[in-house]
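Report on the structure given below.
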Amino acid sequence: MKRTVVPIPKKSKLVLVGNGMSGYKFCEKFLKYHLYKKFDLVIYGEESRPAYDRVNLTRYFTSPGELTLAPASWYKENNMLLKTGEDVTYINRVEKWIRTRRGTIEYYDKLILATGSSPFIPAIEGLNNPHVFVYRTIDDLVAIKERMCGCGSALVIGGGILGLEAARAVLHSGLTTTIVEIANHLMPRQLDFEGAKLLQSQIEALGVKVLVDKKVIRLTGKEGGIEVGCADGATLNTDMVIIAAGITPRDDLAVSGGLTTGIKGGIVVNNYMLTSDPHISAIGECAMAHNRIWGLAAPCYEMADVLAARLANIYKVFRGDALFTKLKVLETRVAFIGDGMDADNSQRHYSVIESHAGVYKRITVSGDGKQLLGAILIGDISAYSNLLHMVRSRVRIPDDPMLLICNPQTQGKSSVGDWPEDTIICLCESVSKKTITDTITVGGIARLDQIKKMTHAGTGCESCTNVIEEIINLYKEHAKHNVNETKL
Ligand SMILES: Cc1cc2nc3c(=O)[nH]c(=O)nc-3n(C[C@H](O)[C@H](O)[C@H](O)COP(=O)(O)OP(=O)(O)OC[C@H]3O[C@@H](n4cnc5c(N)ncnc54)[C@H](O)[C@@H]3O)c2cc1C
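According to the working numbering, the residues represented by the sequence shown are 30 to 517, in order.
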């Protein structure tokens with residue numbers, strides 16, 4: 030009998046440059062969409078360790094071991110070839126290969142750039158001082174920690190999210206802490222003047238010196254420390270300086286390969302994460318999608334999902350919902366949704382301030398008063414999930430928008446129970462309300478940590494964890510009927 034041998038189709042080679050948060054998320058999605066059936070994946074990471082949780086970088090000072098997203102063995106077990114400590118320096122798009130600093134040449138069928146960003150370094154004289162640091166990688170924190178042991182004060186340049194995060198780290202290490210911000214208030218990209226002033230007073234109450242409207246122009250080494258010279262003639266003395274003044278997308282590799290980049294940097298991509306070369310995609314902070322750089326984890330994760338889905342021939346598009354996050358700024362809870370600061374003249378703003386309680390809430394509403402566009406919450410962020418839902422699902426808001434922030438517990442608040450089943454609760458992982466309620470009611474699981482493990486919801490930027498908790502509270506009674514003791 031004649032036998033027909035069916036040849037095993039040869040897999041294509043997928044090369045991923047960058048093993049940071051977006052690169053790692055892509056690896057997870059590579060498994061989710063069974064891309065291993067079509068592709069062999071090789072990953073090049075410049076850092077010496079596998080991807081870690083940069084959002085919680087400051088935890089390095091207290092529990093360094095917990096930051097790793099997956100150990101090197103996870104990549105191996107899943108047949109992904111991870112090469113850490115090896116940065117890619119050149120792309121040959123004509124012959125479709127890349128070269129690393131060590132001289133390794135790797136051919137690709139499809140190339141993904143997930144090179145992230147680097148700290149933005151303002152033009153300051155005297156930067157090459159050994160006591161000047163940036164705040165981006167574990168290696169940066171190792172160096173900062175070493176220096177902190179031998180000094181008593183630190184000055185942070187930058188009063189945005191990153192600067193305040195760095196200030197928190199040095200303050201908690203017992204150093205006298207100063208923050209210098211060039212704009213006239215803290216977190217200028219996210220907060221308005223009034224909200225930022227309230228935040229500043231709370232930060233100052235912790236003993237941090239905050240100087241706004243001040244531009245650092247010179248750093249001069251003096252007696253083992255640094256003299257910081259400002260544009261207004263003022264000088265400050267400190268033992269170390271941390272620069273945390275924003276980010277610059279790492280598009281140098283793309284530029285050298287002739288890919289299209291934005292005027293202010295960033296690799297231009299379309300809604301499917303494709304660059305100007307149909308064989309090369311870009312995701313994360315290095316990518317410019319919808320004409321902007323997305324400097325937060327959730328949109329970077331969405332990009333990884335959109336790209337992996339497309340490689341599996343599932344057509345998703347990058348929506349790039351409003352920027353949103355909640356975080357702890359030193360000891361104060363802060364949340365923001367949307368670009369409140371980019372408001373045009375037709376938009377309306379409503380705010381409440383309770384200075385004695387350290388609470389400030391501000392919402393931005395469309396000119397016709399029907400839609401919520403953004404929010405800033407300081408001190409009390411309990412309305413966050415409801416407001417985020419309203420912005421994302423574009424639901425009609427109450428005629429009196431003040432109800433949303435004056436007394437959200439009783440008025441203007443839509444219960445999570447009323448939200449449609451297909452509402453995406455976790456944007457990072459695209460997990461719907463239905464998936465979570467099914468896990469509780471059918472799967473009998475009613476604990477946050479277990480739901481996170483089962484569904485992956487809440488494992489990205491963690492902004493949705495309180496919504497998941499609300500869903501647990503609503504449905505946990507149903508879980509009891511289907512649960513065994515070990516699950517609860
Ligand atoms: C201190 C801090 C706090 C933050 N807090 C928050 C927060 O509260 N909420 C939030 O949503 N986001 C936060 N972020 C932002 C979040 O961490 C980023 O949005 C996210 O890390 C972006 O992921 P990425 O993969 O694009 O970039 P990265 O995580 O930076 O990864 C890029 C990787 O690519 C590597 N690489 C670059 N070039 C090459 C090359 N040529 N070859 C090989 N490898 C290369 C880099 O070394 C890096 O490891 C914070 C960031 C920092 C630094």
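Glycine residues also receive a C-beta, built at the ideal position from the N, C-alpha and C atoms.
This structure is a prediction, so every number in the text was calculated from the model and none was measured.
Please work out which residues of its chain come closer than 6 Å, Cβ to Cβ, to Tyr301, disregarding the five sequence neighbours upstream and downstream, and give them in chain order. Taken in chain order, the residues that qualify are Arg339.
Please classify Cys455: does DSSP put it in a helix, a strand, or coil? strand
Whole angstroms is fine: what's the gap from His214's alpha carbon to Asp306's? 41 Å
In chain order, each beta strand (DSSP E) run of at least 3 residues that lies wholly inside the segment 261-327: Segments of the beta strand (DSSP E) lying fully in the segment 261-327: 264-267, 269-272, 276-278, 309-311 and 316-318.
Name, in chain order, the residues that DSSP records as bridge partners for Ser411. Answer is none; Ser411 lacks a bridge partner.
Are there 16 or more other CB atoms within 10 angstroms of the CB of Val123, so buried, or fewer, so exposed? Under this definition Val123 is an exposed residue.
Buried or exposed by the 16-neighbour rule on C-beta atoms within 10 Å, applied to Val209: Around the beta-carbon of Val209, 16 or more other beta-carbon atoms lie within 10 Å, marking it buried.
So Leu235 and Leu200 are in contact, right, with Cβ under 8 Å, and what is the actual spacing, rounded? Rounded, the Cβ-Cβ distance is 7 Å, consistent with contact.
Per DSSP, Arg541 is paired with what? This structure gives no information on residue 541, because the portion of the chain shown stretches from 30 to 517.
What are the start and end residues of the alpha helix (DSSP H) that includes Cys435? Leu432 to Cys435
Could you work out which residue in Ile296, Val388, Met109 and Glu252 is closest to Gly224 when comparing CA atoms only? For Gly224, the nearest C-alpha among the options comes from Val388.
Going by DSSP in three states, Leu45 sits in which element: helix, strand or coil? DSSP, read as helix, strand or coil, puts Leu45 in strand.
Between the C-alpha atoms of Ile392 and Ala172, what's the straight-line distance to the nearest angstrom? Taking the straight line from one Cα to the other gives about 41 Å.
Any idea if Asn513 is buried or exposed, counting beta-carbon neighbours within 10 angstroms, 16 or more meaning buried? Since pLDDT at Asn513 reaches only 44, below the 50 mark, its modelled position is unreliable, and the value read off the structure follows with that caveat. Label assigned to Asn513: exposed.
Which of the three DSSP states, helix, strand or coil, is assigned to Pro93? helix
For a test of your reading of the model: does the CB of Thr133 fall under 7 Å from any non-hydrogen atom of ligand 1? Yes or no. no
Less than 8 Å separating the beta-carbons of Ala327 and Gly187? Against a cut-off of 8 Å, the Cβ pair of Gly187 and Ala327 comes out as no contact.
Between His160 and Met50, is the Cβ-Cβ spacing less than 8 Å? no
The beta strand (DSSP E) spanning Lys462 covers which residue range? That residue, Lys462, is in no beta strand (DSSP E); its alpha helix (DSSP H) goes Lys462 to Thr470.
One or two residues paired with Trp126 in a DSSP bridge: Answer is Asn121 and Tyr136, bridged to Trp126.
Is it the case that the Cβ atoms of Leu86 and Leu170 are separated by a distance below 8 Å? yes
Residues in the same chain with beta-carbon distance under 6 Å from Val241, minus the five sequence neighbours each way, listed in chain order, please. Glu210, Asn213 and His214
By the three-class DSSP mapping on this structure, what secondary structure does Gly441 have? Interpretation of Gly441 is limited by its pLDDT of 49, a score under 50 that renders its predicted location unreliable; the figure taken from the coordinates is listed afterwards. Reduced to three states, the DSSP call for Gly441 is coil.
Looking at the strands, I want to know which residues DSSP matches up with Lys112. Under DSSP, Lys112 shares a beta bridge with Tyr73.
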